[in-house]
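Let me begin by presenting the structure, written as structure tokens, before commenting on it.
In the UniProt record's numbering, the protein residues as written are 1 to 178.
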């Protein structure tokens with residue numbers, strides 16, 4: 001019996017040693033991966049939270065911790081320009097969309113690279129969101145004119161081009177390399 005147990009353990013060890021450890025699942029942490037952060041502000045300048053972008057296998061992980069945002073569902077997107085001029089944040093441009101697709105994960109011709117799921121905000125004004133943007137790169141996020149993350153006034157319908165009918169821009173932050 002001991003011989004069989006040792007044989008099984010040895011076989012498993014050999015099998016694990018032969019695994020190709022260079023292939024990682026999308027979203028797995030990347031050793032020494034770059035990161036960027038964005039401090040979000042409302043149109044009146046109040047603190048609205050913080051977003052972090054981190055390189056992971058196959059894309060970028062975006063995490064958002066929002067505060068001082070009205071309760072309910074809100075569309076959240078990465079926008080193509082790193083500017084957040086109050087009060088309406090239109091200087092952030094459109095959604096980050098280097099592959100020229102249409103808006104939304106439910107659109108057969110989408111999504112934009114910067115499209116994210118809706119964020120639910122509680123009665124305390126706080127909400128969190130975490131998502132991996134497949135194929136996104138830190139170089140693309142921090143290109144010559146940068147990128148911003150925007151919280152919209154309403155929920156995103158996840159299909160209507162160009163912005164999912166998610167309403168006005170109520171909070172914005174510019175990504176900066178860490």
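For every residue, glycine included, the Cβ atom is placed at its ideal position computed from N, Cα and C. Predicted model only: the values in this text are computed from it and were never measured.
query	result
Residues bridged to residue 172 [DSSP beta-bridge criterion]	41, 150
C-beta atoms of residue 49 and residue 60 nearer than 8 Å	no
Residue 59 (DSSP reduced to helix, strand or coil)	strand
Close-in-space but distant-in-sequence residues of the same chain around residue 168 (CB under 6 Å, 5 per side omitted)	153
Contacting residues, own chain, Cβ-Cβ under 6 Å from residue 93 (five flanking each side not counted)	79, 80, 81
Rounded straight-line distance, which links the Cα of residue 128 to that of residue 24	Caution applies to residue 24, whose pLDDT of 45 falls short of 50 and renders its modelled position unreliable; the value that the coordinates give is listed next. If I take the Cα positions, the gap works out to 26 Å.
C-beta contact flag for residue 51 and residue 138 at 8 Å	no
Span of the alpha helix (DSSP H) around residue 119	Counting along the chain, residue 119 falls outside any alpha helix (DSSP H), though it belongs to the beta strand (DSSP E) covering 119 to 121.
Strand pairing of residue 29, partner residues [DSSP]	56
Limits of the alpha helix (DSSP H) - the one that residue 140 falls within	138 to 141
Residue 66 in three-state terms, based on DSSP	strand
Close-in-space but distant-in-sequence residues of the same chain around residue 157 (CB under 6 Å, 5 per side omitted)	164, 165
Where the beta strand (DSSP E) through residue 74 begins and ends	72 to 74
Proximity to residue 121 [Cα-Cα], best of 101, 143, 64	64
Pairwise C-alpha distance: residue 124 and residue 136	32 Å
Contact belief for residue 115 with residue 99 at Cβ below 8 Å, rounded distance in angstroms	So it is not a contact: roughly 11 Å between Cβ atoms.
Rounded separation between residue 96 and residue 130 - CA only	17 Å
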